[in-house]
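Sequential numbering of the sequence shown, starting at 0, is according to numbering that gives the first Met the number 0. For glycine and all other residues, C-beta sits at the position ideal for the given N, C-alpha and C. Quantities reported herein were computed from a predicted structural model and do not represent experimental measurements. Data first, discussion second: the structure below is written as structure tokens.
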Amino acid sequence: MKRILAFIIMIFSVFSFSSCSDFTRQVTRQSFALDTVINITTDEKDQGKIGEAFSLCNEYEKVFSRTDSESELYLLNNGQGELTEDIENVLEFSIEMARLTNGAFDVTVAPLVDLWNVKERKAPPSGDEIEIAQSKVGYEAISISPLSFNGKSVDLGAVAKGYIADKIADFFKSNGVENAIIDLGGNVVLIGEYSVGIRSPFNPDEIFATITLKDKSAVTSGAYQRYFEYEGKRYHHIIDPRTGYPSDSGIASVTVISPSSMQADALSTSIFILGKDAISLCDKFPDTDALIIMENGDVITTENFEKKYQLKK
Ligand code: ADP
Ligand code: MG
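If you want it as structure tokens, here you go:
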């Protein structure tokens, strides 16, 4: 029932192409928000709603940005402002994830993220600097009711894009959109059925494999987009709070598939840090699967992955 290849979108970590069961033309529009490139595709008749989705992204940026001095999260990190529903939802889930991963996933990682600042750094920080930043991390200090960050600094970069992608999908579905690709820098949510190409972490211009997804989210975490290199070693943006260094689990990329983009987002970051055995975390979430590409080229998936998603390499 799938139609002929209609378009190819180059996206952060997954390529999406081909599409739904009718022959309606589709339209893709691009924007920049949430510190990433956003591509949204709908049927031609729904293209007017893409602009509204971009506006939603801008609104959520005012909630979740850690750098915008007017955002809700910025105020909370500075001991001001009040907990709003969006932040509470994401924070509650993030604390649950921190417990599930024994603190490998920890949204109070901000001091380490700032220290490593992989966008601008040319060389790693010193051991002393790492130790100081590491001592400021610890999700256990966060209390939701009564609200207190207890001096911790929260970074929701590993989970907020998933939450926002889910919200845009809800907006589209409640407005009658039947086919869409919502791609927030690699956090992809599909409404309808699509073939999705998983990018090779070894050559990001190449497709490693394709899968078919319907009404699902696919989120990839990898070390091949945000990093710097020093003396032949790569230092990327996903930090293991237990060591204070970028994680080094042997995973080149992990793609998580789930009905919830927020869950897929947090899980992909968590598995990337913890390593291949953490693929079992998927069992704790409904209808959730993962495909891991190891640095040595090995591929590890959850059970029945190949059949369930028509994996083609
Ligand atoms: P991306 O944002 O590139 O799609 P991820 O979803 O994996 O990738 O999130 C990475 C971001 O999460 C980092 O840029 C940082 O803001 C934050 N982060 C880094 N390490 C951790 C960690 N151990 N726990 C929670 N968040 C983290
Ligand atoms: Mg993530």
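DSSP beta-bridge partners for A217? According to DSSP, which records beta bridges pairwise, A217 is partnered with V187 and I256.
Three or more C-beta pairs under 8 Å: does that hold for the region 226-236 against the region 255-265? Judged by Cβ distances under 8 Å, the region 226-236 makes no contact with the region 255-265, as fewer than three pairs qualify.
Cβ-Cβ separation, D154 to V112 (assumed contact under 8 Å), whole Å: For a cut-off of 8 Å, the C-beta gap from V112 to D154 is around 5 Å, short enough to register as a contact.
Looking at the strands, I want to know which residues DSSP matches up with L290. Here L290 is bridged, per DSSP, to T254 and T300.
S20 in three-state terms, based on DSSP: Because S20 carries a pLDDT of 47, less than 50, the predicted location of this residue cannot be relied on, and no value is offered for it.
Residues whose Cβ lies closer than 7 Å to any heavy atom of the ligand MG, in chain order: Ordered along the chain, the selected set is A157, V158, G161, V218, S220, D264, A265, S267 and T268.
Coil, strand or helix - Q133 by DSSP: In this structure, Q133 counts as helix in the three-state DSSP scheme.
CB L33 to CB I210, shorter than 8 Å? It is not a contact, given that the beta carbons lie outside the stated cut-off.
Label I143 either buried or exposed according to how many other C-beta atoms from any shown protein chain fall within 10 Å of its C-beta, with 16 as the threshold for buried. Classification for I143: exposed.
So, at 8 Å on beta carbons, what are the nonlocal neighbours of N76 in its own chain, with the 5 sequence-adjacent residues on each side left out? Excluding five sequence positions before and after N76, the CB atoms of its chain that fall closer than 8 Å to its own CB belong to R65, A109, F148, S152 and V153, given in chain order.
Reduced DSSP secondary structure (H/G/I, E/B, other) of D113: Of the three classes helix, strand and coil, the one that applies to D113 here is helix, per DSSP.
Span of the beta strand (DSSP E) holding I39? Start and end: T35 to D42.
So the candidates are K121, D282, A289 and A179; which of them puts its Cα closest to the Cα of E43? For the set K121, D282, A289 and A179, the Cα lying nearest the Cα of E43 is the one of A179.
On the DSSP letters alone, give me the boundaries of the alpha helix (DSSP H) that V321 sits inside. Here the chain has residues from 0 to 312 only, and residue 321 is not among them.
Taking the CB atoms as reference points, tell me whether P200 and Y223 lie closer together than 8 Å. Yes, Cβ-Cβ distance for P200 and Y223 is below 8 Å.
Closest Cα partner of G249 within the set S267, M293, T23 and S220: Minimum Cα distance to G249 is reached at M293.
Can we say the region 129-146 touches the region 84-99, given the rule of at least three CB pairs closer than 8 Å? Segment contact: the region 129-146 against the region 84-99, three or more CB-CB distances shorter than 8 Å; contact assigned.
If you follow the alpha helix (DSSP H) that S173 is in, where does it begin and where does it stop? Here the alpha helix (DSSP H) through S173 covers A159 to S173.
Straight-line CA distance for D286 to S125? So the alpha carbons of these two residues sit roughly 43 Å apart.
If we count the other Cβ atoms within 10 Å of its Cβ and call it buried at 16 or more, is E71 buried or exposed? Looking at its Cβ environment, which holds 16 or more other Cβ atoms inside 10 Å, E71 is buried.
If distances are taken between C-alpha atoms only, which option among K215, V26 and G243 comes closest to N116? Among K215, V26 and G243, the Cα nearest to that of N116 belongs to G243.
Those residues which DSSP pairs with S30 across a bridge: Among the bridge pairs identified by DSSP, S30 is matched with I37.
Quick check on the DSSP output: the alpha helix (DSSP H) that includes K312 runs from which residue to which? Counting along the chain, K312 falls outside any alpha helix (DSSP H), and DSSP gives it neither H nor E.
Can you list, in chain order, the residues of its chain whose CB lies under 7 Å from that of F304, leaving out five sequence neighbours each side? The answer, listed in chain order, is D288, L290 and L310.
Quick check: does the Cβ of F271 come within less than 7 Å of any heavy atom belonging to the ligand ADP? Correct: F271 has its Cβ closer than 7 Å to the ligand ADP.
Suppose the cutoff is 8 Å on Cβ atoms and the five residues either side in sequence are ignored; what does the same chain contact list for C56 look like? Result list for C56: S30, A32, L33, I37, I163, I167 and L183, in chain order.
Segment limits, alpha helix (DSSP H) that includes E81: Counting along the chain, E81 falls outside any alpha helix (DSSP H), and DSSP gives it neither H nor E.
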